[in-house]
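Q:
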Amino acid sequence: LDQVVTLEQGSGPAQINRINRARSISLDVELSGMELGKLTAMVSTLPSIQNLPPGIHQLTQGDEDMMNELFAGFATAMVAGILAIYVVLVLLFKDFFQPITILVALPLSLGGAFVGLLLAGQAFSMSSLIGLIMLMGIATKNSILLVDYAIESRRGHVSPDGATIVRPFSRTEAVLDACHKRSRPVIMTTLAMGAGMLPVAMGFGSADPSFRSPMAVAVIGGLITSTVLSLLVIPVVYTLIDDLEKGIRKLPALVRESKLSFRKKAGFTMLGLVLVYWLAFPFIPLLNIPSKIVVVSIVAVVGEILFIFAVTLLGKEYWNKIKAWLRKRLFNRGN
136 LDQVVTLEQG SGPAQINRIN RARSISLDVE LSGMELGKLT AMVSTLPSIQ
186 NLPPGIHQLT QGDEDMMNEL FAGFATAMVA GILAIYVVLV LLFKDFFQPI
236 TILVALPLSL GGAFVGLLLA GQAFSMSSLI GLIMLMGIAT KNSILLVDYA
286 IESRRGHVSP DGATIVRPFS RTEAVLDACH KRSRPVIMTT LAMGAGMLPV
336 AMGFGSADPS FRSPMAVAVI GGLITSTVLS LLVIPVVYTL IDDLEKGIRK
386 LPALVRESKL SFRKKAGFTM LGLVLVYWLA FPFIPLLNIP SKIVVVSIVA
436 VVGEILFIFA VTLLGKEYWN KIKAWLRKRL FNRGN
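Just add 135 to the spot in the sequence shown (first one is 1) and you have my numbering.
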């Protein structure tokens, strides 16, 4: 055997593991309270990981692979949640435009959530995603209070005592009144929610503060920005959406008017060409051109086609007016 191989004593794996028919080595790391995303970012910056030898590559498995799948699933869930909120608001408000005003509050809360995580030194993890989904319902609730009150004020309503009917407000009056009367319940619910989340954000009464704390921090940060900005931004967006809705509803009438004016101009143009044809038709046989019969026939057919187009474009109403005017000018002149 010594003539064929060289024997050496050493240590090696008891079994060879393979992934997709390639040899693999798995490394298990204890987090010890550190966030998985932060640890993954630290590992990816190591020189040994960035400069792997040829034929060796890094493959994520275990909790990190599961976290990536959960992130993708949560993105789908958030999009589905936004669509569900929009559908419900459309059914409640019976309007396709004003629910967009309410959904504008969602990005206002996202900015505060990210700023809160940054100031608290928390990583963007799975728990913070759960906090963002909670924010979706809270932020839209504040906007619903403002927009619904403004819409009801513009419609007019019966006073609480039932004795008098309050007149419908203008848009500006309705928006100002909604911000004035709905700011108190909006702020009260925000303070109550923030106070309930504060112990969780500080890590009190939790066996694993690294998981629950980012969720509470994201909720508190999003609540602060969504509450403050909702009272400032939502009224402005409400007026813009209302102007857009009015403009879109006027489009069919504008299109009809433009079509009528176009048909009227085109019809009178065709009628003018027909008159020119009729005036020039008697002089065509006098021209010294070959195939006079063919030319006369073509001109007659073209004149008839133009006349038909003129009648079609002008319509019965305009054509009756033209005939009445001609009858009055030609036949009633001597009367």
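Built from N, CA and C at the ideal position, the CB exists for glycine as well.
This one's a predicted model, so the numbers in the text were calculated from it and none came from an experiment.
Could you compute how far the alpha carbon of threonine 236 sits from the alpha carbon of cysteine 314?
A: Going by the C-alpha atoms only, they are around 15 Å apart.
Q: Whose C-alpha, out of Ala157, Ala215, Val223, is nearest the C-alpha of leucine 194?
A: The option with the nearest alpha carbon to leucine 194 is Ala157.
Q: Check each candidate in Asp163, His192, Ser348 and name the one with the smallest Cα separation from glycine 251.
A: Ranking the options by Cα distance to glycine 251, first place goes to Ser348.
Q: Just checking my contact of methionine 323 with alanine 351 at CB under 8 Å: how many whole Å lie between their CB atoms?
A: Not confirmed; about 19 Å, so no contact.
Q: I think leucine 280 touches arginine 319, with their Cβ atoms under 8 Å apart; what is that distance to the nearest whole Å?
A: The pair is not a contact, with the Cβ atoms about 10 Å apart (cut-off 8 Å).
Q: With H, G and I counted as helix, E and B as strand and the rest as coil, what does DSSP make of arginine 158?
A: Strand, per DSSP.
Q: Is the segment 370–381 in contact with the segment 253–262, if contact means three or more CB pairs nearer than 8 Å?
A: Too few Cβ pairs lie closer than 8 Å, so no.
Q: Starting from the Cα of leucine 83, find the closest Cα among Met328, Ile286, Ser365 and give me that residue.
A: Since the first and last residues shown for the chain are 136 and 470, residue 83 lies out of range.
Q: Here's the rule: buried if 16 or more other CB atoms are within 10 angstroms of the residue's CB, otherwise exposed. What is methionine 271?
A: Burial call: buried.
Q: When DSSP builds the beta bridges, which residues end up paired with asparagine 277?
A: Partner(s): none; asparagine 277 has no beta bridge.
Q: Measure the Cβ-Cβ separation of valine 310 and proline 370 and say whether it is below 7 Å.
A: In this structure, proline 370 lies closer than 7 Å to valine 310 by Cβ.
Q: Taking the C-alpha atoms as reference points, what is the distance between lysine 463 and lysine 385?
A: Distance between the alpha carbons of lysine 463 and lysine 385: 39 Å.
Q: Can you find the residues in the same chain that come closer than 6 Å, C-beta to C-beta, to valine 372, ignoring five residues on each side of it along the sequence?
A: Hits under 6 Å: Thr236, Val239.
Q: Straight-line CA distance for glutamate 380 to serine 288?
A: Whole-angstrom Cα-Cα distance: 18 Å.
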